[in-house]
Each structure stands twice: as structure tokens, then as C-alpha cells.
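In this note's numbering, the protein residues as written are 488 to 902.
Shown next, in the form of C-alpha cells:
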């Protein structure tokens with residue numbers, strides 16, 4: 488069978504986020520297991536580095552590369568906002584050309600904002616990650632008037648275009664009745680509830696553990712900047728500062744703990760945490776800036792996988808104060824490295840589904856986080872139980888299983 492995989496997200500900003508981790512791991516498994524029995528066809532953008540050539544697993548393997556137009560390269564002389572707006576329209580609403588889509592018997596995509604094939608051209612599967620922007624519209628898809636007041640006309644128009652494109656692209660998914668491979672049952676519920684998609688068109692395929700999967704040839708920097716953090720001496724957060732993540736709760740809980748004499752520091756890592764200036768969320772920035780213990784709050788910015796493993800291994804716990812996730816890869820990352828997890832139990836979030844009873848799940852808020860951390864500090868038995876349960880929980884998820892189930896569904900004539 489000719490299996491088409493749209494790997495364009497690996498050429499874009501998704502490469503360092505959850506989508507990139509999922510796609511990279513899936514491609515590795517496909518190359519290792521299905522490269523000899525099926526014809527693998529990878530779809531990429533023109534003018535950008537080929538992500539497949541960077542994979543160790545791709546060496547010596549047979550596969551085909553299909554190059555798709557990259558409209559971003561064609562409007563570089565226009566003002567940034569105008570060029571970006573044109574790129575969004577072209578990228579979202581220009582389908583994969585028929586002659587190229589038909590090279591595959593089945594095709595899987597990972598981002599509905601990248602332009603999908605016409606349904607008549609190929610049997611198409613879309614990986615469904617989440618519908619968080621629809622669930623929290625005021626944060627992710629604000630009204631035109633709101634943006635006009637806060638950011639001006641040009642930004643408001645651009646934001647409105649992004650919002651409209653997002654909603655229209657989702658309507659294409661619904662109208663064309665694409666088959667969806669959701670990454671959790673929670674995500675499946677989101678697609679049913681917010682888009683009205685027939686649940687028979689959706690099947691769940693869990694992700695694996697990203698820290699076991701990285702195959703890109705990357706130069707790891709020395710661990711000097713993270714080795715200063717000693718065993719169980721800090722709270723850890725790794726990820727983006729999205730509105731759904733109540734980072735300020737963690738900071739306020741940290742302040743409380745320090746005020747009660749608990750000697751801890753706080754470590755934030757991820758692109759959004761390079762400095763105070765790169766933190767977009769107002770509440771988070773103010774909470775950190777005004778903390779009485781600001782000198783013990785560390786902003787590391789981007790970290791490589793070696794640094795990430797070290798931070799997980801040595802943290803007191805990983806605090807993930809999120810009210811909605813499609814899956815929650817950081818939860819498994821932490822558990823895999825023996826780091827207890829504290830997160831929120833919230834409707835239509837996958838955290839409880841993924842973490843099970845292997846994490847401390849609380850209601851959102853500063854006080855619940857404070858109580859949870861304090862219980863880990865004072866109860867050694869609880870700490871050890873969470874570490875052990877976390878290791879066991881991780882065994883439920885693997886990229887081999889993810890790839891196997893993905894291909895099984897793609898080859899299923901009844902789905």
C-alpha cells in the first residue's frame with residue numbers, strides 16, 4: 488500500500504511542540520517497521536529543509552518525497568502583516584494538488600491549517616489533537632472589538648483572519664467527513680461536542696513517550712547551566728505559557744511555600760520563558776516579577792532533551808497547572824524520569840485519562856497546588872509511591888503501539 492504522510496509540521500513551528508514530537512516518533516516507527524512492506528511517501532514544503540533526511544532511521548531506507556508549494560516564500564517583499572495574512576489564506580484553503588495527493592492510497596495529516604486534500608482525491612485521515620481555541624474563544628479567538636481596543640486596527644484585522652480561517656478549516660473537516668484519529672478520548676469528546684462530528688468517524692490512538700523517541704541528529708549542549716539545580720530542590724514547569732495553563736497558580740503556591748519556610752526554587756523552561764520580556768501572559772509575568780523570591784525563580788528558555796531529562800530527574804515535582812490538554816506529553820515525560828506530577832482535574836481535559844492515579848490531580852487554584860507540594864515534601868511514602876506508579880503508567884504508552892494502531896486504522900476498509 489502507498490502510505491502518504493504529511494510531514495510539513497516538522498518544517499514549521501510545530502517541530503518543537505507536541506505535534507512535532509508525535510510526528511517525528513511516528514515517522515521513525517514507520518520507517519523501521521513498514522518501509523519494506525509498504526511504499527512510504529512523505530509530503531514536504533518546497534524551499535525548506537527536508538526533515539526526513541535528518542532522521543537516523545531514514546538512512547538506507549526507500550521512500551518517496553513529494554514537494555508541495557510553499558506560499559510563504561512568495562510574498563517576502565510585502566509588509567509582514569500583509570504577507571502573513573496572504574500566507575494564511577493560501578496555506579489553509581489551497582488543497583494538496585490532486586495529482587500529488589493521488590500518489591498515495593491513503594494519506595494522513597497532522598494539521599488541518601496546512602491545506603488538506605480534496606476528499607475525492609485520496610482517503611484522508613486527520614490526527615485530532617484538541618479544539619482548545621474553540622473551548623476558550625476569549626483567550627485564543629478574541630473578538631475583533633477586543634483586539635481593536637488592545638492592539639489596534641492592523642493587528643485586529645490579522646487576528647480576525649486567523650480566527651476565521653481556523654473556524655472555516657474545521658468546518659471543512661466536518662463537511663468533508665474526514666476520518667479522525669484523536670490522541671485521547673477527551674479529544675474525541677471535543678470533536679463530537681464542539682463540531683458535531685459523528686463519533687463513528689473518530690478513533691482514539693494514544694501517543695507514546697517523547698523522551699524515548701528523539702532520533703534527530705542534534706548537538707546537545709553541556710549540562711553546566713542545569714547542574715546547579717540539586718536533587719529535589721526545585722519545582723519544575725516545562726512548556727508554553729498558554730492561557731489555559733495557570734502558571735500564576737504555581738508561582739503563588741511557590742511564594743506560600745517559601746513563606747512557610749520550605750526551601751525550594753522554581754524553574755521554568757520553554758521558549759516562552761527566555762526572560763520576563765518573552766512571557767506573553769500578563770498574569771504570569773506579574774506573578775514572577777512581583778514575587779518576593781524572584782531571585783529563586785529561574786527562566787531557562789529553550790532546553791534540549793539532555794537538559795530536560797536532567798531537570799525531570801532532579802526536580803521535587805513537575806507542576807502542570809493546565810485546565811485543558813489534548814493529551815499531555817509532559818506528564819509522561821516527567822513520569823518516565825521518576826518525577827512526581829501535580830496537575831489539574833478538569834472537564835474535557837485528557838490529564839486524568841493519561842495520568843490516571845499516578846499523579847496528584849487537584850482542582851485549579853493556588854491553595855490546592857500548595858497543599859499538593861507540601862504533601863510531597865512531608866510524606867516520603869507518597870513521594871515514592873508516585874514515582875513507582877508513574878513508571879508503571881508510562882508502560883501503557885509506546886510509539887510502536889501508536890504507529891501500529893495508526894496504520895491498522897488507515898488500512899481498515901471499514902474506517
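We put the CB at the ideal spot given by N, CA and C, even for glycine.
* Asked: For residue 551, which three-state DSSP category applies?
  -> Sequence index remark: in the chain shown, residue 551 carries index 64 (1-based). Three-state DSSP puts residue 551 in a strand.
* **Short Cβ contact (7 Å threshold) for residue 694 with residue 670** => In the chain shown, the residue the question calls residue 694 occupies position 207. In the chain shown, the residue the question calls residue 670 occupies position 183. Yes, the Cβ-Cβ distance between residue 694 and residue 670 is below 7 Å.
* Output the distance between the C-alpha atoms of residue 766 and residue 729, rounded to the nearest integer angstrom. => For this step, residue 766 is matched to residue 279 along the chain shown. For this step, residue 729 is matched to residue 242 along the chain shown. Each residue's alpha carbon lies about 10 Å from the other.
* When you compare only the Cα positions, how much space is there between residue 740 and residue 628? -> Sequence index remark: in the chain shown, residue 740 carries index 253 (1-based). Sequence index remark: in the chain shown, residue 628 carries index 141 (1-based). One C-alpha to the other measures close to 29 Å.
* **Where residue 544 falls: helix, strand or coil (DSSP)** => As a first step, residue 544 is located in the chain shown; it is residue number 57 there, counting from the start. If DSSP states are grouped into helix, strand and coil, residue 544 belongs with the helices.
* To do: Just confirm the distance between the C-beta atoms of residue 814 and residue 837, as a whole number of angstroms; I'd bet it's less than 8 Å.
  => Translated into the one-based positions of the chain shown, residue 814 becomes position 327. Translated into the one-based positions of the chain shown, residue 837 becomes position 350. 5 Å between Cβ atoms; contact.
* Sufficient close CB pairs (3 or more, under 8 Å) joining the region 864 to 881 to the region 821 to 828 -> yes
* Taking DSSP as the reference, what is the three-state secondary structure of residue 515? -> Mapped onto the chain shown, residue 515 falls at position 28. In the structure shown, residue 515 sits in a helix (DSSP, three-state: H, G or I).
* On the three-state DSSP scale, how would you describe residue 881? -> Walking along the chain shown from the start, residue 881 turns up at place 394. Helix at residue 881.
* **Identity of the residue in 525, 581 and 645 nearest residue 567 by Cα** => Indexing the chain shown from 1 puts residue 567 at position 80. Ranking the options by Cα distance to residue 567, first place goes to 645.
* From what residue to what residue does the beta strand (DSSP E) around residue 611 run? -> Walking along the chain shown from the start, residue 611 turns up at place 124. 610 to 615 is the span of the beta strand (DSSP E), which, as asked, contains residue 611.
* Out of 600, 797, 570 and 572, which has the shortest C-alpha to C-alpha gap to residue 580? -> Residue numbering aside, residue 580 sits at position 93 when the chain shown is read from its first letter. Considering only alpha carbons, the answer is 600.
* To do: Go ahead and pull the three-state DSSP assignment for residue 818.
  => Taking the first residue of the chain shown as position 1, residue 818 is located at position 331. Residue state, collapsed to three classes: helix.
* What's the gap between the Cα of residue 700 and the Cα of residue 898? -> In the chain shown, counting from the first residue as 1, residue 700 sits at position 213. In the chain shown, counting from the first residue as 1, residue 898 sits at position 411. In this predicted model, residue 700 has a pLDDT of only 48, less than 50, meaning its place in the structure is not dependable enough to derive any value.
* To do: Could you check which residue in 805, 747, 540 and 509 has the C-alpha nearest to that of residue 723?
  => By one-based count along the chain shown, residue 723 stands at place 236. Nearest of 805, 747, 540 and 509 to residue 723, Cα basis: 805.
* Write down the C-beta distance between residue 824 and residue 867 rounded to the nearest angstrom, noting that I regard them as a contact closer than 8 Å. => Here residue 824 refers to the residue found at position 337 when the chain shown is read from its first residue. Here residue 867 refers to the residue found at position 380 when the chain shown is read from its first residue. Rounded, the Cβ-Cβ distance is 19 Å, inconsistent with contact.
* **Whole beta strand (DSSP E) elements within the region 792 to 818, 3-residue minimum** => 804 to 807
* May I ask you to verify whether the region 749 to 758 touches the region 846 to 857, counting CB pairs closer than 8 Å and requiring at least 3? => no
* **Which listed residue (638, 516, 614 and 783) has its alpha carbon closest to that of residue 660** => Counted from its first residue, the chain shown places residue 660 at position 173. Comparing Cα-Cα distances from residue 660 to each of 638, 516, 614 and 783, the minimum goes to 614.
* Asked: Helix or strand or just coil, what does DSSP make of residue 678?
  -> Working through the chain shown from its first residue, we reach residue 678 at position 191. Helix at residue 678.
* **Inter-residue Cα distance where the pair is residue 820 and residue 799** => If you number the chain shown from 1, residue 820 lands on position 333. If you number the chain shown from 1, residue 799 lands on position 312. Cα-Cα distance, rounded: 8 Å.
* **Meets three-Cβ-pair contact criterion under 8 Å: the region 491 to 502 and the region 588 to 598** => yes
* Asked: Quick one, are the C-beta atoms of residue 810 and residue 771 less than 7 Å apart?
  -> The sequence position of residue 810 within the chain shown is 323, counting from 1. The sequence position of residue 771 within the chain shown is 284, counting from 1. It is not a contact, given that the beta carbons lie outside the stated cut-off.
* Leaving aside the five residues before and after residue 604 along the sequence, list all residues of the same chain whose C-beta is less than 7 Å from its C-beta, in chain order. => For the purposes of this step, residue 604 is taken as the residue at position 117 of the chain shown. Once the five neighbours on either side are set aside, the close Cβ partners of residue 604 are 582, 583, 588, 594 and 611.
* To do: Can you check DSSP and say which residues form a bridge with residue 498?
  => Position 11 of the chain shown, counted from the start, is the residue given in the question as residue 498. Answer by DSSP bridge pairing: none, since residue 498 is not bridged.
* Asked: Counting Cβ pairs, one atom from each stretch, are 3 or more of them under 8 Å apart for the region 884 to 895 and the region 771 to 788?
  -> no
* Residue from 853, 841, 822 and 725 with nearest C-alpha to residue 791 -> Against the chain shown, residue 791 aligns to sequence position 304. Closest by alpha carbon: 725.
* Asked: With respect to the beta strand (DSSP E) encompassing residue 838, which residues constitute its N-terminal and C-terminal limits?
  -> Along the chain shown, one-based indexing puts residue 838 at 351. No beta strand (DSSP E) holds residue 838; the alpha helix (DSSP H) holding it covers 838 to 842.
* Do you know how far the Cα of residue 785 is from the Cα of residue 761? -> The residue you call residue 761 lines up with position 274 of the chain shown. The residue you call residue 785 lines up with position 298 of the chain shown. Their backbone Cα atoms lie some 9 Å apart in a straight line.
* To do: Check residue 591 in the structure and name its three-state DSSP category.
  => Position 104 of the chain shown, counted from the start, is the residue given in the question as residue 591. DSSP places residue 591 in coil when its eight states are reduced to three.
* In angstroms with no decimal places, state the Cα-to-Cα distance between residue 547 and residue 650. => Counted from its first residue, the chain shown places residue 547 at position 60. Counted from its first residue, the chain shown places residue 650 at position 163. If I take the Cα positions, the gap works out to 43 Å.
* Asked: The alpha helix (DSSP H) with residue 653 in it runs from where to where?
  -> Translated into the one-based positions of the chain shown, residue 653 becomes position 166. Note, residue 653: alpha helix (DSSP H), 640 to 663.
* Asked: How is the alpha helix (DSSP H) around residue 745 delimited, first residue to last?
  -> Translated into the one-based positions of the chain shown, residue 745 becomes position 258. Its alpha helix (DSSP H) spans residues 734 to 746.
* Asked: What separation, rounded to the nearest whole angstrom, lies between the Cα atoms of residue 865 and residue 597?
  -> For this step, residue 865 is matched to residue 378 along the chain shown. For this step, residue 597 is matched to residue 110 along the chain shown. So the alpha carbons of these two residues sit roughly 44 Å apart.
* Asked: What span of residues does the beta strand (DSSP E) with residue 862 cover, start to end?
  -> Within the chain shown, residue 862 is the residue found at index 375, counting from 1. No beta strand (DSSP E) contains residue 862, which is instead part of the alpha helix (DSSP H) from 853 to 865.
* Ignore the nearest five residues each way along the sequence and tell me which others in residue 549's own chain have a CB closer than 7 Å to its CB. => Taking the first residue of the chain shown as 1, we reach residue 549 at position 62. Cβ neighbours of residue 549 beyond the five flanking positions: 522.
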